[in-house]
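For reference, the structure is listed below as structure tokens.
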């Protein structure tokens, strides 16, 4: 290692650049990069990650040559700063920071003001004329060094401070004078000596060596190891160490410190946006002692420096091709840039900035799409929102899961019927339930928003709400709901029926009262941006929708078809459920057919409604999926009422309910298993679809039905159902003396279906991966029950993500991969898509693109997000080999 | 096709042999084979399956040359029989039968007596002097030919017969005289003419051509297609047609017909066993008109023919290397063998015959093991049985699933407590429940047998009963149980508490009263046979057992260890469940640990009991698996009682029960998910296992625990639990100042575990495939609910087998395959086994052997069956490449 390079300088002379993250860490690479493009950064040097590895591997022994390189590094900084470490006239102070290739909060904090000793503190006083500042810096340095480098608990130093304040009768730190702080410095040194057994090191180089070793050691601290474990960070060899000259914004009245964005992060407007404070340190701003000024004031007061700053912010934005969030310090009139990073922004700002940067020629459309707008930005734009201010300022009743984004305000109701009644009278309500079931859909649809105290991101409430773009906070366990008293409480505040609340489904918050909402207005820039996105659409986006309203919304948001229309949702509407129940309690096929005949006209009208809206676009209709018991009442009272409606005894109905009960409904008598044991259901649904399409054809409306068989696990199940569908369709064609063309395909949602996809593909025209159920079965997680352990798993790092939100690539993804490959092997012309919750998740969409799928289907409100995710995937991975095929969809 | 061979002769001149099943069908190949070894078979010829294909493909056009070959075939038969088709003196009659490569009941039935016409019937009368016989044969031929060949419904002929009987005032067919039958013959011809529009063909060759074409056509009859579909028979091209000389056992007093076995099929004794009837046709025996005589009488009455018969039966047994079931006919003193096939036999006979045939040098041990004893034979031997006679003769109350083999007799009880009480008083009871739950184990263990009206082959009742070798009939839906009145009924008979019933778990039958049982006595031959089997044991057999009694039984039946000890079963015993419940209702970890501490000594004693019995052999202990709510009461009354026991309010307990309730417990908070959220449970169980082993070590008993983590789906779950186990073990080692060695492995029962088995294998020492749960999740079938559709699926041919009985190779098997391959890839030293229900299923065992597994684990009573299945697999597939590794287990 003797000839190795351990130390990489930055400043006017710079050895590194942005590509060297692995070697010198992210922070080191960024500092070097800024220097390379002529940004005035306080000079310094970085010890490489390889150095860290060597030192750790050799029991903290430094490799030959490292010491000399560090000393040379110090000389480099001294020369550029025209100051000297430990000098009694013009002393240089240093900061020491860790910095691995990946940002890692588990590692060592910063050490500031390194280099102070008894001589240097005098020099600082002489130079700044500020004795208080000098001793405050000194005692802080001893505290930090003792705590972070030597492991002397910060509490000892705090105690000493408190002790002194008691002695002199002062309550606030800021009221301590220079003398007090000088005394404290001595006492801190004594504490240091007492706990370490050594004198506090006066030699700045020794201080630096200690600090560097402390950073190295922190790489293997249990906190850092745990962090890497939980975050699944692997393959890194160590951390870099950044040693940098300190600069001070509080040295004089021509010193200052500030933060700015290169554009307005709320609106995206092209203006420097930020705050600064004269003769101050960053800490002063944080401590709230003084109020910073808007950056535009700087233009008046420090015009030259302001111009210089603008020059650098423009340069940085152009270089990083993104709006920047910049920290700077002015020391005695000289401007230093301390840090730059991509700035956080609102959805509106993101889109405007992206479009502006493309129009200004700073970035290409590809760059704007991949780097400047995130799916969350688009999501933000599509829903009404509370302002950030409003949410943070006011009291929050409870936090739950951000189950469906957007803001909603309404009066509390606890019952679906009440919600419907209130809505009829024009009232705005929030439906508050422990959890929702299919019987609540009426109330949910009438409410402005939904709040549940139980259930996860894919609970019934969450899925339905997202589907409708209706704000929902789910699983808010902070509140306890009491249906009897019609109240809920968070233990402190009790909310009654009729009280106003506001829910923020984007952030998962519940607030008291009526908060102000901002409706979404889609800007011109949004249209422009989405047009650009559209040019990269190499995979079709469809929507999950089962009402004409949803279909219409989906189409307006850019859906190219319906990928999943769940027919069972239609079964709950109005008095249809009575017909469904009559079908279920039928003693024989004849009775069952009679009940189904009653349902036929309803279903046909449903399909007509959707087909009309989707005129000319395909509509995938999934045949009945849930187990029949979901349509039956469960409590004694409900059974009594329903039995009367059906004209049978309550005992008979109770027996039927009992007989249909299942231990694990998820794995029970549902999906195509129903259609196989009750072929008349499949016949009725097929008839409704085909009759609807034929009748619309007379009005020149083109319906393109794709009939989807659910829960197939065995090709013979599919063949059985396909033949019923085909025979029924032929019968209807004969009756109408007319034909339409339609497709028959299947869900791939049972693991066995993915494993035997080649067999199924030989018989089917399309596959739609139902990754909700596939996730449940592959992982063995019931999504209705998994809330009992998934949060714990996420906390412990056993799971990196909730698998119901982001596709589990290794497990479920492998089955999707197998299913896609085997599917194409069995039938090269098969059309393959996804219609689970993951169809709207950007990471999962990218995965589906890579697998060569033809389409994704998601909630209407996620359609634009899916468009963006596809464009990003196309730009990242290039066009696919089988693009021709995908284009055939 | 002109030069093709379409026709294969058999008789003294024979063209085919047993290897030609594909070409000339199974029946044709067998007839040829008998002829080849000099057995006197009535001569004939077979048209090949290729001929069938050609004719069907060419719209029933015969290929060039076929007619000539058929005519040559006729000449061949005429020459060997010294008779002539259609001859008016010495006429030859023929039979025509279908026969594909695989036996297929969906195809054409036999046509007998082909060749009769008005001339021939006179010749038969002249020859036999039996006019009645002649006309009976003639009218039967017209009926058969009309129905089978020409599609004239048999009913028309039946009507004519009835009409005639009414006319002449005769009630029974047998009382019709020759004249009546002659008249009937004329009327049959008229019916034939009326329905076909043709005269009945007088030309025997024409008759034959019609019959051959009818057989060809029957290949594509809807019945045959459906049969092939349901039985999943594919790859066959057509059926053969067998044309054979008729011989008559009723031609004279030196004619006879009979059936015999080469050995006694009940006992296996080496003696000719069967019946015969002089001057009779097989039909006479079936019709019950005359009673056949034991075959030993033949020795006295027809000594020469008897000797000849013995010569042929010996030859056939030696040739087919198996006990034969033979049909023969003697026509005027000449013996013909009509058919031979392997004879059905009892388990006892199978074993004796196998051992005898090996000792006689007829077969090798390999042949005896692979072909002469089936797993079901061994199973029969291990359980008490009702005689077949007894079961068939007496009234059966209902049929259910043969859930656990063996016979049981007892008084009906409907409650587990009652069963326990009765057993204490020495009474024999049958526990009758709608279904059983873990709380019933006490009663189940006290009962002689178990009968349930709900649940499948893997319901709780079935699994527990099989594990104990206790007879069980499950899912007997013929009966309705009423707990209130303490009765059950099949709609006709009502059985009260205290009534005697008998259940046959081998056949799934429920009978009234006390039937006689035969206890199992294992013969010397059994021991010999199993010793031979043992020499082929290239895969270890372990048992699933969790009590010392079961462990002991398993060891006595040849188990080489315990492959699955379910710890939760121990939790239900005695008053432990109270401690378990206390643990569950604990408010915090401290309380929970207190309750667990109370359980520790119980668990330790449990493990000691098993370890002692298995001294020196490995015991795989699975940590707690079921969801906690399984331990809690559910009805209001139970909750009240249990709340008192626990000293908490019933409201609190009810809330806990409510809170733990799950929608899909199968996919819920169970398995390692419990151990991860409640690490103290894993700690307690580990401590009990390790302390037990260490304490036994002092008494020189060697415990070899293998700790198994259930329901792992993610390697990080395994690592989490492994580290708790390891840390706890080290703590105990320190406390005892002693160590033992043990292994830590996991169940592979979640699809994701199989898919990511390489990752898991890198951390684990062994895998045990839990194919019960793996089947549930891979197919999406809840085994508690699937009875609602699996029977229908089996009926419709959607499923070939119940996947909970026979491993679904294509789906679940593919995951087991992946899991095994990936497991070996991740860790070449990993030990892999199976412990689901399939561990005792021969077909699944063969599959596991092929995959290279190291062991199977099954119920104690299935251990010998598994031994046999392994030996059969080894003989069939040869030893495995990785045999060294398997031997290391």
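Chains as they are written, first to last, in our numbering: chain A, 376 to 1264; chain B, 376 to 1264. For each residue, glycine too, the CB sits at the ideal point set by N, CA and C. Model, not experiment: these values are computed from the prediction.
Residues of chain B with a Cβ closer than 7 angstroms to the Cβ of residue 1155(A) are, in chain order, 1042, 1086, 1088, 1125, 1152.
Counting along the chain, residue 471(A) sits inside the beta strand (DSSP E) bounded by residues 469 to 474. Here the C-alpha atom of residue 1068(B) lies approximately 27 angstroms from the C-alpha atom of residue 1052(B). Bounds of the beta strand (DSSP E) holding residue 699(A) are 699 to 706. Proximity of chain A to residue 1190(B) at the Cβ level (cut-off 8 angstroms) is accounted for by 1126, 1130, in chain order. Proximity to residue 497(B) across 461(B), 1056(B), 485(B), 582(B) peaks at 461(B), based on C-alpha coordinates. In this structure residue 783(B) is in contact with residue 878(B), their Cβ atoms being roughly 5 angstroms apart against a cut-off of 8 angstroms.
The beta-carbon of residue 1164(A) is placed less than 8 angstroms from the nearest beta-carbon of chain B. Three or more pairs of CB atoms, one per stretch, sit closer than 8 angstroms, so the region 414 to 429 of chain A contacts the region 378 to 392 of chain A. Here the region 1054 to 1072 of chain A makes no contact with the region 1009 to 1029 of chain A; the two share fewer than three CB pairs at distances below 8 angstroms. A distance of 8 angstroms or more separates the beta carbons of residue 698(A) and residue 642(A).
Residue 398(A) places its beta carbon less than 8 angstroms from that of residue 425(A). Per DSSP, residue 773(B) is not a residue of any alpha helix (DSSP H); the beta strand (DSSP E) it occupies stretches across 771 to 774. No Cβ-Cβ contact shorter than 8 angstroms links residue 1161(A) with residue 883(A). Along the region 1089 to 1105 of chain B, the positions whose C-beta sits under 7 angstroms from a C-beta of chain A are 1089, 1091, 1092, 1095, read in chain order. For residue 714(A), the enclosing beta strand (DSSP E) starts and ends at 709 to 717. Taking the beta carbon of residue 1167(A) as reference, the chain B residues within 8 angstroms of it are 1051, 1052, listed in sequence order.
Around the beta carbon of residue 688(B), a 10 Å sphere encloses 16 or more other beta carbons of the protein chains shown; the residue is thus reported as buried. Taken through DSSP and simplified to helix, strand or coil, residue 1080(A) comes out as strand. By alpha-carbon distance to residue 805(A), the top candidate from 756(A), 880(A), 1077(A) is 880(A). Annotation for residue 1192(A): 1226 place their beta carbon closer than 8 angstroms to its own, counting only its chain and skipping 5 residues before and after. Only residues of its own chain outside the window of five on either side were considered, and among them 488, 489, 490, 491, 621 have a CB closer than 7 angstroms to the CB of residue 468(B), listed in chain order.
The beta carbon of residue 824(A) is closer than 7 angstroms to those of 783, 785, 805, 845, 846, 847, 878, 880 in its chain, skipping five residues each way along the sequence. Excluding its 5 nearest sequence neighbours in each direction, residue 559(B) has C-beta neighbours in its own chain below 8 angstroms: 510, 514, 535, 536, 539, 551, listed in chain order. Residue 1185(A) reaches chain B at 1089, 1127, 1130, 1131, 1134, counting residues in chain order whose Cβ is nearer than 9 angstroms. Minimum Cα-Cα distance from residue 1076(B) among the listed residues 990(B), 750(B), 888(B), 973(B) corresponds to 990(B). Under a criterion of Cβ atoms nearer than 9 angstroms, no residue of chain B is adjacent to residue 598(A); the nearest Cβ is some 18 angstroms distant. Looking only at 1082(B), 748(B), 1016(B), the smallest Cα-Cα distance to residue 1242(B) is reached by 748(B).
Going by C-alpha positions, residue 834(A) is about 7 angstroms away from residue 1158(A). Secondary structure note for residue 680(B): its alpha helix (DSSP H) is the uninterrupted segment 678 to 695. Contacts with chain B at 8 angstroms (Cβ-Cβ) include residue 1039(A). Shortest Cα-Cα distance from residue 718(A) to any of 1222(A), 702(A), 683(A) involves 702(A).
When secondary structure is reduced to three states using DSSP, residue 1225(B) falls in the helix class.
Cβ-Cβ separation between residue 874(A) and residue 773(A): approximately 14 angstroms, too far for a contact (criterion under 8 angstroms).
For chain A, none of the residues of the region 796 to 816 of chain B brings a beta carbon within less than 9 angstroms of one of its beta carbons. Identification of chain A residues near residue 1048(B) by a Cβ-Cβ cut-off of 7 angstroms yields 1164, ordered along the chain.
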